[in-house]
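Just so you know, we're using this note's numbering here: the sequence shown kicks off at 41 and counts up by one.
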Amino acid sequence: MLAPVWANWPLTGIKALTTTRCGGVSHEPFAGLNLGDHVNDATAAVAENRRRLQSDLKLPSAPVWLRQTHSTTIVDAARTTSVVSADGSFSGQRQQVCAVLTADCLPILLANPKHGWVAALHAGWRGLADGIIEQLAEQVDIGAGTCAWIGP
């Protein structure tokens with residue numbers, strides 16, 4: 041069974057979470073719910089873990105997965121049809137799931153219901169220093185009402 045950690049924020053209808061290793065099928069050294077297809081885990085295990093994530097959490101759509109490179113590139117998830125190199129995504133489309141993978145970097149999940157967007161950023165020291173948050177601000181209206189959840 042998956043054991044997500046849900047954001048405790050005042051937004052209704054917009055959910056944010058981080059996963060733990062619980063509930064997956066990957067074997068050592070990945071041990072559990074590995075969602076990354078870039079770490080030499082078995083392709084079938086990663087696919088099953090991603091299927092479980094979507095099914096168990098009743099996600100409204102499959103997450104838009106990114107090929108993360110510690111950059112400041114952010115894409116519009118609603119216009120992304122395949123895996124792209126980026127470290128963040130945003131969407132103004134309802135039911136769109138934005139996702140990032142983290143190990144020793146921070147996930148930053150943001151939403152602004154007034155302006156109708158959500159975003160997920162992979163924020164390592166390099167991305168933060170190079171301006172990944174500022175890059176998001178160039179693409180969406182970060183203003184009053186924006187909530188952010190900085191995950192573990």
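Even for Gly, the Cβ is constructed at its ideal location relative to N, Cα and C.
- Rounded to whole angstroms, residue 83 and residue 66 show a C-alpha spacing of 10 Å.
- The secondary-structure analysis by DSSP pairs residue 187 across a beta bridge with 151.
- Rounded to whole angstroms, the separation of the alpha carbons of residue 42 and residue 61 is 8 Å.
- Per DSSP, the continuous beta strand (DSSP E) segment holding residue 116 begins and ends at 114-116.
- Taking a contact as a CB-CB distance under 8 Å, the pair residue 159 and residue 168 does not count as one, their CB atoms being some 15 Å apart.
- For residue 157, the enclosing beta strand (DSSP E) has its first and last residue at 157-163.
- DSSP, read as helix, strand or coil, puts residue 52 in coil.
- Here residue 46 is exposed. Its C-beta has fewer than 16 other C-beta atoms within 10 Å.
- Residue 63 and residue 73 have their C-alpha atoms spaced approximately 6 Å apart.
- Residue pairing by DSSP puts residue 130 in a beta bridge opposite 116, 159.
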